[in-house]
Each structure stands twice: as structure tokens, then as C-alpha cells.
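Beneath this line is the structure, given in C-alpha cells, with notes to follow.
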Amino acid sequence: IFACVSPMAVIPDESAKKIQESGLGLLSKWAPQQLILDHKATGWFVTHCGQNSFIESLAAGVPMFAWPLFADQPYNAAILSLRLNVGYQLTEARTGEAGLKGLKRGVQPTGTVEALQRETREILEKAHGADGKLKRQNARNIQVQLRAAWNDDGEAVTELKRLLKDIFSSN
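When we follow my numbering, the leftmost residue of the sequence shown carries the number 133, and every step to the right adds one.
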């Protein structure tokens, strides 16, 4: 499912035709993201790594292919790939403010079609192997932790209650 909400997300006509003719994909102006992420058939999520998408994917236990553009997105992409180990960054596909800036770990994207094709093949091979299996398991582990935090006695609920008590008792 390719949801292209932003006017900047333009799928070339030739690519759109291939997707439609393949019977394997669906192009849409909007899609119910949480519903899709929660579906058992969802294996991976290609995302710009905005905060909502990032958290929704983790809450669903779905690993990610990160394609950040600007603002918090490159930072979130780094967290998911380097710290949490629940996804891969598409560095050669970067545009926008994040663009082709060098990354701190020494990777300097070139932005060529060949480099993007190479990176995509490498990432897909990893995603279908042991590394991808580990990332999927890590995503499921985080999902379990997030759900536990929102149980009645979970850390998130406890801290939210404490915050609300502090706010309303000080008035």
C-alpha cells in the first residue's frame, strides 16, 4: 500500500502503472496507517520517520525502512536503526533538508540511481535474512514493553496519573 498524502509525494505515471498492473500494490491518497500497521500481514513499514509514524510502528511491533526528510525525522531514523535496531535507513534516497549530508558514522550518500539501487538490494537482502529477523524480534519486544507501560499499573499510566495529580493539586 503506497499512501501518498503529501503533494510532494509524487509517484511517476510509469511507476504508478507498473504498481497497478502488477496486482501486488495499491496507490492511495490516504490509508488508515494504524489499522495497516496492526494487520498481521504487515511485515515492514517504509516511513519518513515522523514522530507519530515512528511510535505507531513500534506500538504495532513492525520494523521500518526509514526515509527521513527533515526536522526530527533523521534523528528518529538514527534511533531506530542504530540504537533500537528495529530498521534500516535509506541514506541514498534522502532528499529535502536531510539531503545528502554526510552522516556522523562516516557514510556519505551520493544520491545516484546506481547507489540507491545497490543500497536497496543490500537492505532487502539483510531484511530477508538473520539481521531482518533480529530487527523484527526487537520491534516485537518494544511492542510488548509499550503495551506493558500502558497497563493500569504500567509506568506510563503511573507517571501520567502523577503528572495530572501534580498539575491539578497545584491550582
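Yeah, the Cβ is synthetic: ideal placement off N, Cα and C, and Gly gets one too. Computed from a predicted model, the values in this text were never measured in an experiment.
Among the options, nearest to residue i - alpha-carbon criterion
i	options	result
L167	S185, S154, Y207 and G157	S185
A192	Q165, Q205 and Q152	Q165
L214	A203, D263 and K149	D263
Other residues of its chain near residue i: CB distance less than 7 Å, five sequence neighbours each side excluded
i	result
L216	N270 and I274
I143	F134, C136 and L159
L295	none
Beta-carbon proximity of residue i to residue j, cut-off 9 Å
i	j	result
L169	S138	no
C136	K161	yes
E251	E224	yes
Q205	G175	no
L212	H180	no
Residues near residue i in its chain [Cβ-Cβ closer than 6 Å; skip 5 each side]
i	result
R268	P195
Sequence-distant residues of its chain with Cβ nearer than 8 Å to residue i (five each side left out)
i	result
L266	N217
V289	A281, W282 and N283
I151	F134, I143, G157, L158 and L159
Presumed contact (8 Å Cβ cut-off) between residue i and residue j, rounded CB distance
i	j	result
P241	R226	6 Å
(request) Pair every Cβ in the region 194-201 with every Cβ in the region 214-227, then say whether three or more of these pairs are closer than 8 Å. (result) yes
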